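K.L.:
Please find one structure pasted underneath; my questions will follow.
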Amino acid sequence: MLGGRRGGALIAATAVASAGLSLLSQVLAERALGAAGFAHWSHLNALLLLAVPLGCLGSNHLLLSEHARGRLQHRAGLMSALRFYGMCLAVSLPLFLLAGAWRLGDEDRFSTPLLALLFLGNALAVLLFPVFQISSRATAVALWPLAQVSLRALAGALALALTWSASTLAWAWGLGLVLLGAVGLVSVMPLARQWASEPQAATAPPSQASLLRQAGVFGASDMLDTLDLKLIIPLAALWHGSAATAAAGIVVVMLSAVVFLPSVLVSRVLLPAVHREGLQSPTLRHWVTRVSAAAAVGLLPVAAALGGWGPDLVAAVARGNYAAQSDAFRLVGLCLLPLSLSMLGAAPFMAHREAARLLRWRLEALAVFLVLAVVIRDHGLASLLWAMAGGRLWLTLRTLTTLYRAKAP
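If you're matching positions, the sequence shown starts at 194 in our numbering and goes up one per residue.
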């Protein structure tokens, strides 16, 4: 585990704090903006969640994989990776700006400079994270995501206190992200100089074609990870109107807060080990199956509580009236278990040898989600939750059954 037992404890503690702050930031935003403003804010966040992975295209997987294989120590390989991500950002930024201009509407539209600022700030934060992991800096790995959600919570608190609009809230968040990214860049400069001064690795450098192919597989798989969760808000906006969009934002907040811990286990703890050892590690397989079983037991009472009191919880903390969406809030509990288990079960298949198989499974799960969402769309926002549960159950069965059947070499 990164940083040993003390580093693992720090990562776990900051993960819990990050989950709480992430939930708090969205609650503050909803109370500051009201239902209509929060629908606009949620739509912006959903577009960012779709666009930023396209710009980063599996950067955490690619950099960790190349480092584990000893190929990142070649300056040519490192520069190829950096040029590749520069190209991805250059292509995805205009696509995001066009999508923002089209989907965010004419009234109260977020300006193009603001959209560019938010995109680049979020992308920089994502690209810096694997550098911290490679350098084995447990403190930076633990605190970097916490700093990001702290900025959102601070911006939400200021919006509530000063009655900001959604665009002002977005400006505050975007400027904070860029400043945080600048601090992160300064902190990794010594590491970059160290890499430049080290002797070249003895292994063969990666070819450009190999790098592009591997990045494409990692990036596509990364794009599909939680794509169903990211699509809930845009689909609600497209099919069910403004009130359902705001309620969808709350649904995504509730789901994201609970599955934050499985996500942290995968991205901050498991991912480096996965790229070093892969599916063939019996210790890794055993650890994932044990944690999945523990997660199932721990999430059952949470799911039951949300099924019984989800609408009451939303009514107690939200400013808007979402009584018409009470069925959707109850279904949040139904999605928690398959969502968490599918994230944990997918972890051992993220290494470069298994990435193509995981990509195929995620495509299958996305197809299940989209087909169900279209077939039962007349049931409103609740139909998207049913569809998500179906797709995630498919992915869970695919990953965990394969993991269970895997044998040590």
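Note that CB positions come from ideal geometry on N, CA and C, so glycine has one too.
Since this is a predicted model, take the numbers as computed values, not measurements.
Taking 8 Å as the threshold (C-beta atoms), are Leu529 and Val481 in contact?
P.N.:
no
K.L.:
How would you label Tyr278, buried or exposed, when you count the other beta carbons within 10 angstroms and need 16 or more for buried?
P.N.:
buried
K.L.:
Apart from the five residues just before and just after Ala408, which ones in its own chain have a Cβ nearer than 7 Å to its Cβ?
P.N.:
Leu250, Gly251, Leu255, Phe277
K.L.:
Between Pro323, Leu241, Arg512, which has its C-alpha nearest Pro287's C-alpha?
P.N.:
Leu241
K.L.:
Buried or exposed for Tyr515, please, with buried defined as at least 16 other CB atoms from any protein chain shown within 10 angstroms of its CB.
P.N.:
buried
K.L.:
Look at the alpha carbon of Leu588 and the alpha carbon of Arg345, and state the distance between them as a whole number of angstroms.
P.N.:
Just so you know, the alpha carbons of Leu588 and Arg345 end up roughly 31 Å apart.
K.L.:
Pull up the distance between the alpha-carbon of Ala436 and that of Ala229, whole angstroms please.
P.N.:
7 Å
K.L.:
Assuming Arg598 contacts Trp554 (C-beta within less than 8 Å), just tell me the rounded distance between them.
P.N.:
No, Arg598 and Trp554 are not in contact; Cβ-Cβ is about 14 Å, not under 8 Å.
K.L.:
Do Leu578 and Ala509 have their C-beta atoms closer together than 8 Å?
P.N.:
no
K.L.:
With a CB to CB cut of under 6 Å and the five nearest residues on each side skipped, what residues in its chain are close to Leu221?
P.N.:
By the criterion of a C-beta distance shorter than 6 Å, Leu221 is surrounded in its chain by Gly349, Ala350, Leu353, once the five residues flanking it on both sides are discounted.
K.L.:
Kindly indicate the opening and closing residues of the alpha helix (DSSP H) around Pro494.
P.N.:
475-510
K.L.:
Rounded to whole angstroms, what's the CA-CA distance from Ile204 to Ala335? Just pull it up for me.
P.N.:
5 Å
K.L.:
In the structure shown, what three-state DSSP assignment does Ala222 receive?
P.N.:
helix
K.L.:
Does the beta-carbon distance from Gln219 to Val446 come in below 8 Å?
P.N.:
yes
K.L.:
Under 8 Å, do Ala488 and Ser533 count as touching if we go by C-beta distance?
P.N.:
Closer than 8 Å, so yes.
K.L.:
Going by DSSP in three states, Leu405 sits in which element: helix, strand or coil?
P.N.:
helix
K.L.:
Note the first and the last residue of the continuous alpha helix (DSSP H) segment covering Phe606.
P.N.:
With the chain covering only 194 through 602, there is no way to say anything about residue 606.
K.L.:
What is the rounded straight-line gap between the Cα of Pro246 and the Cα of Gly412?
P.N.:
7 Å
K.L.:
Just curious, the alpha helix (DSSP H) that Val446 is in, first and last residue?
P.N.:
It spans 420-451 - the alpha helix (DSSP H) in which Val446 sits, taken as one unbroken run.
K.L.:
Is Gly583 helix, strand or coil when you go by DSSP?
P.N.:
Correct three-state label for Gly583: helix.
K.L.:
Roughly how many angstroms lie between the CA atoms of Arg550 and Glu557, to the nearest whole one?
P.N.:
11 Å
K.L.:
Quick one: what does DSSP say Ser304 is sitting in, helix, strand or coil?
P.N.:
coil
K.L.:
Could you give the DSSP three-state label for Ser328: helix, strand or coil?
P.N.:
coil
K.L.:
Near Glu300, which residues of its chain fall below 6 Å by C-beta distance, leaving aside the five closest residues on each side in sequence?
P.N.:
Note on Glu300: pLDDT 46, under 50, position unreliable in the model; the coordinate value appears next. So no residue of the chain qualifies.
K.L.:
In angstroms with no decimal places, state the Cα-to-Cα distance between Ala430 and Arg386.
P.N.:
47 Å
K.L.:
Label Met280 either buried or exposed according to how many other C-beta atoms from any shown protein chain fall within 10 Å of its C-beta, with 16 as the threshold for buried.
P.N.:
exposed
K.L.:
Can you look up Thr356 in the DSSP assignment and give me helix, strand or coil?
P.N.:
coil
K.L.:
Would Gly538 and Ser576 qualify as a contact pair, given that the criterion is a beta-carbon distance under 8 Å?
P.N.:
no
K.L.:
Hey, Gly367 and Leu307: beta-carbon distance below 8 Å or not?
P.N.:
Result yes, Cβ atoms of Gly367 and Leu307 sit closer than 8 Å.
K.L.:
Which residue from Val410, Arg406, Arg523, Val495 puts its Cα closest to that of Ile443?
P.N.:
Arg523
K.L.:
Quick check: what's the CA-CA separation for Gly360 versus Gly526?
P.N.:
The amino acid occupying residue 360 in the given sequence is Ser; Gly does not appear at that position. The straight-line gap from Cα to Cα measures roughly 32 Å.
K.L.:
Let's test the definition: count the other Cβ atoms within 10 Å of the Cβ of Val319 and tell me whether it reaches 16, buried, or not, exposed.
P.N.:
buried
K.L.:
On a CA-only basis, which of Phe303, Gly377, Trp295, Trp357 is nearest Gly316? Give me that one, please.
P.N.:
According to the sequence shown, residue 316 is Ala rather than Gly. Comparing C-alpha distances from Ala316 to each of Phe303, Gly377, Trp295, Trp357 shows the shortest one belongs to Gly377.
K.L.:
Leaving out the 5 sequence neighbours to the left and right, which residues in its chain are closer than 8 Å to Leu405 when beta-carbon positions are compared?
P.N.:
Phe277
K.L.:
From the DSSP output, in three-state form, read off Thr592 for me.
P.N.:
In the three-state reduction of the DSSP assignment, Thr592 falls in the helix class, which pools H, G and I.
K.L.:
Rounded to the nearest angstrom, what separates Arg585 and Val324 at their Cα positions?
P.N.:
30 Å
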